[in-house]
Each structure stands twice: as structure tokens, then as C-alpha cells.
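Enquirer: The structure's right below; bear with me while I get my questions together.
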Amino acid sequence: MPDAITDRRVAPRYPLILLAEVTDLLSSVKVTARTSELSRMGCYIDMPSPLPRGTEVHVLLKNGGEVFESAAIVMYVSPGLGIGVQFADMPAERQRLLDRWLAAAAKAGG
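All residue numbers for the sequence shown refer to my numbering, where the first residue is 12 and numbers rise by one.
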């Protein structure tokens, strides 16, 4: 990933592969994909036909029997590879779930 993107990150990302459903809020088109990285602020979603930068989406992530959902915006695009999304409007309950997943990923990686 380009250094410019890495330098802008405000939260560490952890390698975590999760089932992802991404819905374009404008067209209602739903794409099933997977994450490769996750942070408190967003995630990278592997997607061979990425959505354009600035697209507003709904992201649903599945980890075992748990589900995380958030509105998000596509912040950057890797053509033919995937998208980086930033989560929006994070209620405390969803943030706690995400923090628990990230803590487990950090422990598994270290």
C-alpha cells in the first residue's frame, strides 16, 4: 500500500478476514466480499470491481455468530483489488463490539 495512505491512518489496522456485505446506498446494489484489514475507524475490503471513491455504503461484517453494521464512505480505491472505507456514526455498543474483535486480532497476531 502506498506510504501516503499509511501515513494518514489515525488508528492501527489489524489483519482480520471477515465476511463483508457492502451495499451502495444510492443504487442499493449489494456485494459480498471479505475484509483483509480492520481498524476502529474503518476497514479494507477485497473487491475485484471496487466502488468509486466517495460512494456512501452500508457495511455488514460477520465474525463467527456476531454481526457489525455501519454506514461508511469509500475513502480510497485500489483498482481491481478493493476499497478502504471509513465508518460513520458509531454508537458505543457497536464500537465495543469492534474493539473486542480488534483486541482478539491483536492478541492473535502478537
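Note that beta-carbon positions come from the ideal geometry of N, C-alpha and C, so glycine has one too.
I want to know whether the segment 102-121 touches the segment 53-68 - three or more CB-CB distances under 8 Å.
Expert: No, they do not touch.
Enquirer: Between which two residues does the alpha helix (DSSP H) containing residue 93 stretch?
Expert: Unbroken run through residue 93 is the beta strand (DSSP E), 93-99; no alpha helix (DSSP H).
Enquirer: For residue 81, which residues in the same chain have their Cβ closer than 6 Å to its Cβ, ignoring the five residues on either side in sequence?
Expert: The answer, listed in chain order, is 70, 98.
Enquirer: Identify every residue that forms a DSSP beta bridge with residue 89.
Expert: 93
Enquirer: When the distance is taken between beta carbons, is residue 57 closer than 8 Å to residue 184?
Expert: Any answer about residue 184 is impossible in this case: the structure gives the chain only from 12 up to 121.
Enquirer: Give the C-beta separation of residue 72 and residue 29 to the nearest angstrom, bearing in mind that I take them to be a contact with Cβ-Cβ under 8 Å.
Expert: 5 Å
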